[in-house]
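The structure appears right after this line, and notes come after that.
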Amino acid sequence: MKLESLANELLLDVFEYLDFLNIFRAFHGLNYRFNQLIFNERQVHHLDFRSISKYDFDIICRPYLSYIQDRIVSLNLSDDYRTPDLPQIFLSCGYRINQFINLKSLTISFYSFAVLKQTIFECRELLHLTRLHIHTNNNHDIEKNSRELIDKIWNLPKLSHCYLDIKYSQSVWFIPISKISQSIHYLSTIGTSYNLNGLLNLFEQAPNLKRLDMGDFSEDHDTQLTQTNFSSLISLSMSTSVSKESMELLFQVIPNLCYLTIQLDNTYLDGHAWEQILIKYLKNIKRFRLKMTIGLGSHKDIAEQIEELLDSFRTTFWIEQHQWFVRCDWDPNDIYPKAILYTLPYAFDSFSYVGGNQSKSTCPNDLDYSFYNQVHTLEHVDNTNYDSNNLTFLPIRCINVRHLKIKFPLHDHFWSLLPRLDRLTSLDVGLNDDSDYAQLQQLLDQASHLDTLRFCHMRKFSMKSFNINSKSIQGLEFFQNSGFRFRYFNSEECAILANTALASQCKFLVIDVKNRRDIIALVNAMPNLQALSILCQDNKKNQHQPIEENDSLTQWLHDHLLLPYTYSITRKGYTNVPLINLWFNRGV
């Protein structure tokens with residue numbers, strides 16, 4: 001059956017599962033019928049600008065977006081190195097968020113607080129907006145902007161789901177805001193640290209809140225509890241290192257909690273203590289997910305301490321009433337011994353696997369919970385201190401890993417830990433020396449959907465043996481082990497990169513160079529490059545001047561990028577070396 005033989009109604013049904021950009025690329029211009037279907041008045045659209053090329057943005061969004069703006073139900077605007085300054089460029093095209101009158105979901109990643117505040121202010125007129133996702137890569141002046149921003153969000157009339165990936169300090173929630181939101185049911189503020197006073201303020205400002213995913217919960221010695229119970233909250237996810245008494249203060253004001261996910265660091269609570277807490281304060285609990293890091297005493301046999309801990313989770317309450325099993329992992333050779341205890345099945349997004357660790361659980365059959373299907377982010381570290389001839393490997397398998405951070409060389413057991421890599425989209429690698437490239441290539445051969453490869457510069461890492469291949473990789477990022485950039489590539493290393501197969505297919509590049517002329521050489525040598533994020537060592541500015549007043553590199557690039565296509569350049573502060581982002585329109 002040919003696609004064109006399908007009825008219009010069936011084609012429109014198919015379109016509902018596709019982003020508008022994909023629909024436009026695939027069907028626009030084929031014939032009159034498909035052009036009419038794309039802009040059908042009954043068709044709603046999802047618009048996701050993550051990783052959009054400047055060519056597609058210029059071709060699709062400027063002339064055509066106005067035709068469908070009243071039928072867009074979800075919009076994603078991302079300001080990162082793949083689409084630098086996109087929200088600002090989007091607004092400069094004459095669009096305003098309040099023009100998308102049927103918008104239900106908005107996701108915005110931003111650097112400029114001014115753009116964000118303008119966008120949220122316009123959202124007040126969107127009567128169908130129920131979901132808002134905000135992410136920032138700008139951690140400057142957050143305190144100065146946060147109060148006004150939260151006020152604007154709380155004034156959105158129909159907002160029910162709010163995701164704030166912003167590193168607010170706990171003081172944001174100390175002072176009650178001007179508006180109480182009756183509509184917010186779910187709130188995620190994973191970058192925010194709360195104490196109990198801040199949480200009590202939050203509960204008062206969102207009295208119908210049902211689900212809260214928050215960051216760290218800290219000690220608070222000055223809290224005066226009221227008799228008020230916040231009965232609406234039924235689900236809570238949190239991280240903390242507070243005492244048992246502080247947690248009990250929190251739990252007694254949310255008595256209807258049914259679902260608790262908690263990560264506890266450096267606080268020893270055994271199974272008996274948790275049993276008392278759950279029975280006394282959380283009588284309605286249905287699902288309890290725990291991950292707990294525990295320091296072990298060096299004065300006592302580690303195996304004996306682990307057994308005592310596990311025995312406390314083998315009572316009738318844990319094994320028979322709830323069938324809540326736990327597993328404990330530990331490194332027997334650690335000079336500062338600690339253990340990680342967690343409930344089964346493993347329920348957290350990330351997991352750190354250390355080769356040589358030992359493991360024991362309260363489950364009668366470990367194989368029942370050997371698949372860690374919830375793990376999307378895995379960090380794999382081979383412990384060089386263990387005896388490779390006498391290993392006890394953790395009995396786990398991770399089959400849904402999207403993001404992998406790994407240091408080479410790899411032990412053979414790695415391949416049983418990750419029996420499939422076809423869902424892997426990003427890979428962070430640390431290489432000790434050039435001999436590790438062979439194992440890296442073996443991994444790349446199995447990662448058929450890998451999109452981004454990041455290199456962590458370690459010790460003798462060099463570009464001399466950089467001859468790896470992967471048909472799926474679109475993004476290359478080079479950064480240092482410390483997390484800071486500033487490992488500047490010289491001209492020889494840039495030339496090696498430019499002559500590789502990966503460079504010829506690469507669309508997104510993050511790299512720092514010593515000489516600005518190497519920027520021109522890389523751009524000219526990479527025919528598919530859409531976006532470049534770069535620090536240049538010879539572009540240091542006076543640290544007392546703003547970037548705009550002392551950034552000779554931007555003008556130099558305009559003078560020397562003699563390209564047969566358009567591009568944009570944006571600058572962001574990064575200590576005394578401005579970060580330059582280029583976004584190219586290279587045509588088809």
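First residue of the sequence shown? That's 1 in full-length UniProt numbering, and the numbers climb one at a time after it. Positions of the beta carbon are idealized from the N, C-alpha and C atoms, including for glycine.
When the Cα atoms are used, what is the spatial distance from residue i to residue j?
i, j, result
"Leu233", "Phe251", "11 Å"
"Leu200", "Ser246", "13 Å"
"Ile302", "Ile511", "45 Å"
"Phe217", "Tyr194", "5 Å"
"Arg517", "Leu424", "35 Å"
"Leu236", "Arg397", "27 Å"
"Asn208", "Lys179", "14 Å"
"His560", "Glu493", "21 Å"
"His272", "Leu264", "16 Å"
"Cys162", "Lys300", "47 Å"
"Asn145", "Ile177", "13 Å"
"Leu164", "Leu156", "14 Å"
"Ser448", "Ser472", "6 Å"
"Arg327", "Ser352", "14 Å"
"Asn373", "Ile399", "6 Å"
"His241", "Ile190", "According to the sequence provided, residue 241 is Ser. The question's His does not apply to it. Spanning the two alpha carbons is a distance of roughly 15 Å."
"Pro87", "Arg50", "11 Å"
"Tyr67", "Val44", "12 Å"
"Ser568", "Cys93", "14 Å"
With a threshold of 6 Å on Cβ separation, who are the neighbours of residue i within its own chain once the five nearest residues in sequence on each side are excluded?
i, result
"Ala206", "Ser181, Ile184"
"Lys405", "Glu379, Asp428"
"Phe203", "Phe230"
Classify residue i: buried if its beta carbon has 16 or more other beta carbons within 10 angstroms, exposed otherwise.
i, result
"Tyr342", "buried"
"Leu344", "buried"
"Thr566", "exposed"
"Thr452", "buried"
"Arg33", "exposed"
"Gly198", "buried"
"residue 610", "A question about residue 610 goes unanswered here, because the residues of the chain that appear run from 1 up to 588."
"Asp85", "buried"
"Asp79", "buried"
"Asp329", "buried"
"Thr228", "exposed"
"Asn357", "buried"
"Asp331", "buried"
"Asn539", "buried"
"Glu16", "exposed"
"His46", "buried"
"Ala531", "buried"
Could you pull the start and end residues of the beta strand (DSSP E) that residue i belongs to?
i, result
"Val73", "72-78"
"Asn581", "579-585"
"Gly271", "Looking at the DSSP string, Gly271 is not in any beta strand (DSSP E); the run it does join, the alpha helix (DSSP H), is 271-281."
"Asp216", "211-217"
"Met463", "Premise fails: Met463 is in no beta strand (DSSP E) and is neither H nor E."
"Asp451", "Here Asp451 belongs to no beta strand (DSSP E), and DSSP marks it neither H nor E."
"His403", "403-407"
"Arg131", "131-136"
"Leu65", "From DSSP, Leu65 is part of no beta strand (DSSP E) but of the alpha helix (DSSP H) over 62-68."
"Lys360", "358-361"
"Ile534", "531-536"
"Ile108", "105-110"
"Asp311", "Asp311 -> not in any beta strand (DSSP E); alpha helix (DSSP H) instead, spanning 302-311."
Could you tell me the boundaries of the alpha helix (DSSP H) in which residue i lies?
i, result
"Ile511", "Where Ile511 is concerned, there is no enclosing alpha helix (DSSP H), although the beta strand (DSSP E) it sits in stretches over 508-513."
"Ala521", "517-525"
"Trp330", "Note, Trp330: premise wrong, no alpha helix (DSSP H); beta strand (DSSP E) at 325-330."
"Leu290", "Segment 287-295 is the beta strand (DSSP E) holding Leu290; no alpha helix (DSSP H) there."
"Tyr437", "437-446"
"Ile120", "113-122"
"Cys494", "491-498"
"Lys179", "Run containing Lys179: none; DSSP gives neither H nor E here."
"Ala503", "501-505"
"Gly198", "196-205"
For residue i, which residues in the same chain have their Cβ closer than 8 Å to its Cβ, ignoring the five residues on either side in sequence?
i, result
"Lys283", "Pro255"
"Asn390", "With a pLDDT of 49 at Asn390, under the threshold of 50, the predicted position of this residue should be treated as unreliable, though the coordinate-derived value follows. Excluding residues within five positions, none has a Cβ falling inside 8 Å."
"Gln545", "Per-residue confidence for Gln545 stands at a pLDDT of 46, beneath the threshold of 50, marking its modelled position as unreliable; the derived number appears in the next sentence. None."
Among the residues of its own chain, which have a CB less than 7 Å from the CB of residue i, if the five just before and after it don't count?
i, result
"Ile23", "Phe15, Ile38"
- If we count Cβ pairs, one from each stretch, closer than 8 Å, do we get three or more for the segment 23-39 versus the segment 490-506? Judged by pairs of C-beta atoms under 8 Å, the segment 23-39 does not touch the segment 490-506, as fewer than three such pairs exist.
- Query: Quick check: the segment 93-102 against the segment 115-125, are there 3 or more CB pairs under 8 Å?
  - Reply: A contact exists between the segment 93-102 and the segment 115-125.
- Contact between the segment 360-370 and the segment 431-446: three or more CB pairs below 8 Å? No: the two stretches stay apart, fewer than three of their Cβ pairs being nearer than 8 Å.
- Decide if the segment 112-119 is in contact with the segment 52-62; the criterion is three or more beta carbon pairs, one per stretch, under 8 Å apart. With fewer than three CB-CB distances shorter than 8 Å, the segment 112-119 does not count as touching the segment 52-62.
- Message: Is it the case that the segment 315-322 contacts the segment 292-301, given that we only count it when at least three CB pairs across the two stretches are under 8 Å?
- Response: Short answer: they don't touch.
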